[in-house]
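One structure below.
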Amino acid sequence: MKIVIMGGGVIGVTTAWYLQREGHEVTVIERNEACGLETSFQNGALLAPGHSQAWASPGAFKTLIKSLFQDDPALRFRPSVDPRFLAWNLKFLANCTAPRYRANTLRILRVMMRGVDKLRELREEADIAYDANDDGILYLFRRQHSLDTYGSSWTLLAEHGLELEQVDRDRCAEIEPALGATRDKIAGGFFSPNDGAGDALIFTQNMAQRLIEKGAEFRYGATIRSLKASGGRVEVVVTDKGEVKGDVYVMALGPEAPAIGRTIGLSLPIWPIKGYTVSVPIGDHKGVPRTGIIEEDNLVAFAHLGDRLRVGGKAEFAGYDKTYKDKDFRGVFKVARDLFPDGADYDKPEYYACLRPVTPDGPPILGRSRHDNLFLNVGHGAAGWTEACSCAEAVADIVLGRTPEMDMEGLELSRYG
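So the sequence shown is numbered by this note's numbering: it starts at 96 and just counts up by one.
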């Protein structure tokens with residue numbers, strides 16, 4: 096069977112791997128000249144089931160409104176009159192009830208936990224290096240009030256299978272010695288020893304090379320313009336370099352999925368949310384964190400990747416605008432210098448901003464579309480790196496007519512009616 100994968104990010108290449116290893120002919124279409132150069136390029140790098148909490152929560156509306164009046168909020172909301180954005184927001188608000196938040200969080204947790212396990216299996220199977228860090232993640236709170244207010248969401252994760260340890264400031268410094276000098280700035284938090292980190296770009300490009308070695312075709316520099324469909328089936332992918340035909344098609348297009356879906360009347364409730372990251376060289380600095388860190392009060396994440404420290408923070412409803420300015424990173428650097436003053440060479444930053452494809456309820460959209468031979472692996476939000484392998488395995492099973500091992504409840508397009 097000839098299978099066409101649309102998109103060469105971490106979602107696309109992992110899907111290609113699980114399909115190719117079953118003996119199928121795989122073609123990956125990627126608009127850049129290499130894989131992983133957009134959402135996978137410089138993400139937050141953390142593999143974080145401990146951050147499975149759905150964004151659509153009972154307190155989300157208040158947080159978004161407050162962001163309109165803050166100078167540098169961790170979550171920035173830009174109002175828009177785009178009808179698709181308004182429709183997405185209505186679905187988002189409908190999922191902000193306590194029961195829906197709980198259900199969606201547990202769905203995300205299910206996908207993330209399996210994703211980390213499957214990534215580590217695939218690492219051994221394909222012999223892939225990607226600056227992996229398996230030392231766990233500390234979820235830190237600076238203020239006791241924040242810990243008391245939000246700690247129950249980690250209790251929910253622990254009750255449903257995530258290994259978690261609640262920690263005080265001294266235990267934080269024991270787990271991560273780089274916090275020793277700044278422990279008094281920490282109230283406490285949670286430690287998830289099975290979480291980790293890794294460079295999604297290196298992983299994605301090494302996976303692409305493994306696929307090519309095994310016979311996969313990569314069509315680089317080909318921008319998808321539309322799909323053509325007839326009789327409930329996709330017939331061809333139209334690119335600026337010509338048409339690509341297959342027996343089966345898998346969409347792994349990140350934030351571009353809705354636009355391509357609309358060319359055949361397929362509505363996908365996905366909206367891009369911009370995320371900001373910076374990589375800085377560690378050099379001779381001795382205070383770099385070895386453990387993954389998320390500072391929860393300001394939502395700033397730290398990942399040690401080889402000779403670099405990746406720092407990520409801020410999410411912004413900005414449509415498809417990927418631009419950024421130096422000042423957008425001031426809050427991130429403030430937290431970094433405060434917690435890890437000798438963590439890295441903060442004067443040599445490599446800035447980046449990318450778009451995360453977010454669904455209004457939080458879980459990704461996997462499996463069948465409304466066209467018989469088109470399958471979906473989209474809508475992973477900020478969790479695509481963590482969820483990639485579990486989603487790729489499940490979608491490959493569905494393409495091949497098998498029942499996935501992962502429970503698909505609440506993960507399919509049909510949940511939107």
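Glycine is no exception: its CB is placed at the ideal position from the N, C-alpha and C atoms.
All figures in this text were calculated on a predicted structure; none of them were measured in a lab.
Count the other CB atoms, across all protein chains shown, that sit within 10 Å of the CB of ARG451; report buried if there are 16 or more and exposed otherwise. buried
Are the CB atoms of LEU181 and GLY293 within a distance shorter than 8 Å? no
So, for GLY316: in the same chain, excluding its five sequence neighbours on each side, which residues have a beta-carbon less than 6 Å away from its beta-carbon? GLU128
Member of GLU507, LYS97, VAL99, LEU434 whose CA lies at the smallest distance from the CA of PRO272: LEU434
Among the residues of its own chain, which have a CB less than 7 Å from the CB of VAL105, if the five just before and after it don't count? GLY131, SER135, ALA295, PHE298, THR299, GLY479, TRP480, ALA483
For a quick check, are the C-beta atoms of GLN239 and ALA282 less than 8 Å apart? yes
Between which two residues does the beta strand (DSSP E) containing ILE389 stretch? 387-390
What does a CB cutoff of less than 6 Å around GLY407 pick up in its chain, not counting 5 residues either side in sequence? GLY139, THR372, ALA396
For the beta strand (DSSP E) that contains ALA398, what are its first and last residues? 395-400
Here's the rule I'm using: 16 or more other beta-carbon atoms within 10 Å means buried, otherwise exposed. How should THR516 be labelled? This structure cannot settle anything about residue 516, because the visible part of the chain is limited to 96 through 512.
Beta-carbon within less than 6 Å of VAL453's beta-carbon, same chain only, minus the 5 sequence neighbours each way: which residues are those? TRP366, ILE368, GLY476
SER147 beta carbon less than 8 Å from that of THR200: yes
Would you decide whether TYR234 is buried or exposed? Buried here means 16 or more other CB atoms lie within 10 Å of its CB. buried
Taking the CB atoms as reference points, tell me whether HIS399 and PRO384 lie closer together than 8 Å. yes
Considering only the alpha carbon of each residue, which of TYR415, THR250, VAL211 lies closest to ARG179? TYR415
Please work out which residues of its chain come closer than 7 Å, Cβ to Cβ, to PRO455, disregarding the five sequence neighbours upstream and downstream, and give them in chain order. ALA151, TRP183, LYS186, PHE187, ASN190, PRO364
Could you please give the first and the last residue of the uninterrupted alpha helix (DSSP H) stretch that includes PRO194? 193-221
For my contact list, VAL123 and ALA311 are in at a C-beta cut-off of 8 Å; report their separation, rounded to the angstrom. 7 Å
In the structure shown, what three-state DSSP assignment does GLN300 receive? helix
Delimiting residues of the alpha helix (DSSP H) encompassing PRO178: 178-189
Taking contact to mean at least 3 C-beta pairs separated by less than 8 Å, is the segment 489-504 in contact with the segment 151-161? no
Spatial neighbours of ALA324 within its chain, please: C-beta separation below 7 Å, excluding the five flanking residues on both sides. GLU330, ILE359, HIS466
The ligand ATP heavy atom lying under 7 Å from the CB of GLY474: Within the structure as shown, the ligand ATP is missing, as the structure has no ligands at all.
Out of THR334, LYS97, TYR113, SER374, which one is the CA nearest neighbour of ARG218? TYR113
Proximity below 8 Å, CB of GLY387 to CB of CYS449: no
Per DSSP, ALA292 is paired with what? LEU141, ASN228
Residue range of the alpha helix (DSSP H) that includes VAL383: It is not in any alpha helix (DSSP H) - VAL383 carries neither H nor E in the DSSP assignment.
To the nearest angstrom, report how far apart PHE313 and ARG215 are at their CA atoms. 25 Å
Round the Cβ separation of VAL472 and ALA347 to the nearest angstrom and send it over; I've been treating them as touching at under 8 Å. Going by the sequence as given, residue 472 is Asn instead of Val. Their Cβ separation, rounded to whole angstroms, is 5 Å, which keeps ASN472 and ALA347 in contact under 8 Å.
Taking PRO367 as part of the beta strand (DSSP E), name the residues at either end of that continuous run. 366-376
Are the beta-carbon atoms of ASP392 and ARG237 separated by less than 8 Å? yes
What did DSSP end up calling GLU411 once you bin it into helix, strand or coil? strand
Within its chain, find whatever has a CB closer than 6 Å to the CB of ARG474; leave out the 5 residues flanking it on each side and keep chain order. Before going on, a small fix: residue 474 reads as Gly here, not Arg. Within the same chain, GLY474 has close Cβ partners ILE365, PRO452, THR454, PRO459, ILE460.
Where does the unbroken beta strand (DSSP E) through GLY337 begin, and where does it stop? 337-339
Note down the Cα distance separating GLN165 from ASP423, rounded to an integer number of angstroms. 13 Å
Would you mind sorting SER374 into buried or exposed? The rule is 16 or more other CB atoms within 10 Å of its CB. buried
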